[in-house]
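Student: My questions will all concern the structure given below.
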Amino acid sequence: MPPTTTMFRAARPIFQQTSRAAFRSQFARTSGRRFQSTAAGSDGASAQQQGWFKRMWDSPIGFKTVHFWAPVMKWALVIAGIGDFARPADKLSVTQNAALTATGAIWTRWCFVITPQNYLLAAVNFFLGCVGIAQLTRIAMYNSSQKKLAASTEKES
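FYI, this note's numbering numbers position 54 of the sequence shown as 395, with every residue one higher than the one before it.
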């Protein structure tokens, strides 16, 4: 045999070990189990199937975090803005409704930038902005009608 063949035969186990190790490291198992059988004991099944309340409690935006309670309390602002639809337009504040609109627009965008993304807070801020825009539209229409009314009374006199 030529000397190169003998050298490659001698080195073959080294090549096989390194290639197997490289292959196995790509698919390294972290848990030690490849799969879980559906016939597994009740211990594994109960740990895997948590109730809705337990998942919500342990969630990063769950019941015990500000990410949940801030939007829940902020709905009071939306409800108050909706309650202002019953008030006459001349009693509404432009600055207050402009602040509600700006708050809704700015914080809706912010809710999608933060981690974790808070869709509940985004929803309440979106509706807060919508209520503010609706009230500002009412105020603008009222002021426009008052100007037209004043102009028509001046023409008549």
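C-beta atoms are modelled at their ideal positions from N, C-alpha and C, and glycine is treated no differently.
Classify L433 as helix, strand or coil using the three-state DSSP reduction.
Tutor: coil
Student: Straight-line CA distance for F404 to W410?
Tutor: 7 Å
Student: Where does K415 land, buried or exposed, given buried means 16+ other C-beta within 10 angstroms?
Tutor: buried
Student: Quick one: is W451 buried, meaning 16 or more other Cβ sit within 10 Å of its Cβ, or exposed?
Tutor: exposed
Student: Alpha helix (DSSP H) containing S485: first to last residue?
Tutor: 460-497
Student: Spatial neighbours of Q458 within its chain, please: CB distance less than 8 Å, with the 5 preceding and 5 following residues excluded, ordered by chain position.
Tutor: C452
Student: If we call anything under 9 Å between Cβ atoms a contact, is M482 one with A446?
Tutor: no
Student: How would you write the range of the alpha helix (DSSP H) that G424 sits in, first residue to last?
Tutor: 407-424
Student: Look up T456 in the DSSP assignment and say whether it is helix, strand or coil.
Tutor: coil
Student: Using only CA atoms, which one of A491, R479, A492 lies nearest to K432?
Tutor: R479
Student: Does the stretch 483-493 come into contact with the stretch 457-471, if we say contact requires no fewer than three beta-carbon pairs (one atom in each stretch) closer than 8 Å?
Tutor: no
Student: Should P401 go down as buried or exposed, given a rule of 16 or more other Cβ atoms within 10 Å for buried?
Tutor: exposed
Student: If we ignore side chains and look at the alpha-carbon of each, how far apart do T406 and L461 end up?
Tutor: Roughly 13 Å separates the two Cα atoms.
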